[in-house]
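Numbering-wise, the sequence shown is residues 10 to 443 according to the working numbering. All C-beta atoms in this analysis are idealised placements derived from N, C-alpha and C, irrespective of residue type, glycine included. If you're wondering where the values come from, they're calculated on a predicted model, not measured in any experiment. First up is the structure itself, then whatever we jot down about it.
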Amino acid sequence: MSTAGAVEAFDAVDLIRTKRDKGELSTAEIDWLVDAYTRGYVGDEQMSAMTMAIFLNGMTRREIKDLTLAMIASGERMDFSGLGKPTADKHSTGGVGDKITLPLMPLVAAFGVAVPQLSGRGLGHTGGTLDKLESVPGWRANLSNEEMFAQLRNEGGVICAAGSGLAPADGKLYALRDITGTVEAIPLIASSIMSKKIAEGTGALVLDVKFGSGAFLKDIEKSRELARTMVELGRDAGVATSALLTDMNVPLGLAIGNANEVRESVEVLAGGGPADIVELTVALAREMLALAGRPDADVEAALKDGRAMDKWRATVRAQGGDPDAALPVARETHTVVAEADGVLVEQQALPFGIAAWRLGAGRARKQDPVQHAAGIDLHAKPGDEVRAGQPLFTLSADEPARFERALEALDGAYRIAPPGTAFERGPLVAERIG
Ligand code: URA
């Protein structure tokens, strides 16, 4: 709450009226609004009206930049210049089966580019990187800044929880947007993501902006606009930034969950794994390395010859995890088989994500635990020919009572067309923006 007697520079109602009437907020007004909201002078009800006005009427590029800078200024800013090596990070807008961070971090770190990957937990149908990694026995997500720096210096890469010190205004604003129907506003998404990434202090940043049924922005035009806005924000802040627009209509890889996604990531690090996971990991690694000054790095070779795997094992160990320990396995499974011969032509990401969530792989409330062994293993991908009775996917859960609700989510989510039906999928990486 404000200090009694302190004189505030602006009145929140005036600012809300300006945005409501499609006006532009000045830099000073945005700075004050973010600061006053962070310290509790502007209340949630006023900020809700403001976020809805922004949702409906948008913001200019200048306003988005000011909002991003104001959110960065609300907290600490990290600085990796003392590491003596370039840094690169990746942010994904989130998808089903998206475990790319797990193989990507050690792959890029294997080339001497430090990767400070500050990550979050999942909420809703998209999983969180930390939840996945916590399936590794002993692995610890919460590191102090000193531990994080030490790991970056010694191992060259770290995946850990983003502390609450980075852009705290965003934490408060994001929680408000979540309950006021204002998450999907491009100025608010762009400033939210980029304030955290710029405050994190990475030198280079690659954005994996998803489009399609399993993405939170469904159509590619909106994703493109988001990507362009974020790339500009990054560059304005001196971060070498580019974005890939990638298809999230179909789950990525064959594993959706936590422990099974770690297992699949380790397969990729061992030189195998599903083709789409390898393709996206390699594409993002090339982008990160190019932005960090290593355009000629042979990333495929580092997956095949064990360099990326060695880095994975070292970084897991550094955070208390045992890379050789058995990962959790669910108590119950339920396999769904093909009803007829044909070609699998549809496998919608969103319902598969919701089903995995209902099995216990995700959480409905921030404080809920996840079940690390719960999830879905796909046995066929769109374009595959299947025979009647052949397994299509297996659900795993600790409580069999969860299967029914998961199966309800999957009703109509996949389709088998008659044998010989032609199938063509668009490219996984649709565009590069940078
Ligand atoms: N992720 C974020 O960090 N912020 C958003 O607004 C949306 C996704």
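**8 Å contact criterion, which Leu216 and Ala252 should meet: CB distance rounded** = 4 Å
**Message:** Just to check my reading of the structure: Ala1 and Leu254 have Cβ atoms closer than 8 Å, yes? What is that Cβ distance to the nearest angstrom?
**Reply:** This structure cannot speak to residue 1, because the chain is shown only from 10 to 443.
**Message:** Checking the sheet assignment: what are the DSSP bridge partners for His514?
**Reply:** This structure leaves residue 514 out entirely; the chain is present only between 10 and 443.
**Request:** With a threshold of 6 Å, establish whether the CB of Ser83 neighbours any heavy atom of ligand 1.
**Result:** no
**Request:** Check whether the Cβ of Ile198 sits closer than 6 Å to any heavy atom of ligand 1, and report yes or no.
**Result:** yes
**Prompt:** Mind checking whether the beta-carbon of Ile63 lies closer than 6 Å to any heavy atom of ligand 1?
**Reply:** no
**Prompt:** Does the stretch 111 to 123 come close enough to the stretch 291 to 308 to have 3 or more Cβ pairs within less than 8 Å?
**Reply:** yes
**Message:** Is Ser201 near ligand 1 - that is, is its Cβ less than 6 Å away from at least one heavy atom of it?
**Reply:** yes
**Prompt:** Alpha carbon to alpha carbon, how far is Leu359 from Ala194?
**Reply:** 20 Å
**Request:** Would you mind listing the alpha helix (DSSP H) stretches within the stretch 67 to 99 that are 4+ residues and don't spill past its ends, in chain order?
**Result:** 70 to 82
**Prompt:** Between the C-alpha atoms of Ile63 and Leu197, what's the straight-line distance to the nearest angstrom?
**Reply:** 8 Å
**Request:** Go to Val248, then tell me how far its beta strand (DSSP E) extends in each direction, as first and last residue.
**Result:** Run containing Val248: none; DSSP gives neither H nor E here.
**Tyr50 (DSSP reduced to helix, strand or coil)** = coil
**Asked** Where do the N-terminal and C-terminal ends of the alpha helix (DSSP H) with Asp140 fall, by residue?
**Response** Thr138 to Leu142
**Item:** Rounded Cβ spacing between Glu143 and His381 (contact assumed at less than 8 Å)
**Value:** 7 Å
**Message:** For the stretch 52 to 60 against the stretch 15 to 26, do three or more pairs of beta-carbon atoms, one drawn from each stretch, fall closer than 8 Å, so that the two count as touching?
**Reply:** yes
**Prompt:** If we ignore side chains and look at the alpha-carbon of each, how far apart do Lys205 and Val124 end up?
**Reply:** 15 Å
**Item:** C-beta atoms of Thr191 and Met61 nearer than 7 Å
**Value:** yes
**Asked** Distance, Cα to Cα, Ala370 vs Pro177?
**Response** 27 Å
**Message:** What does DSSP give as the partner residue(s) for Gln126 in the beta ladder?
**Reply:** Ile168
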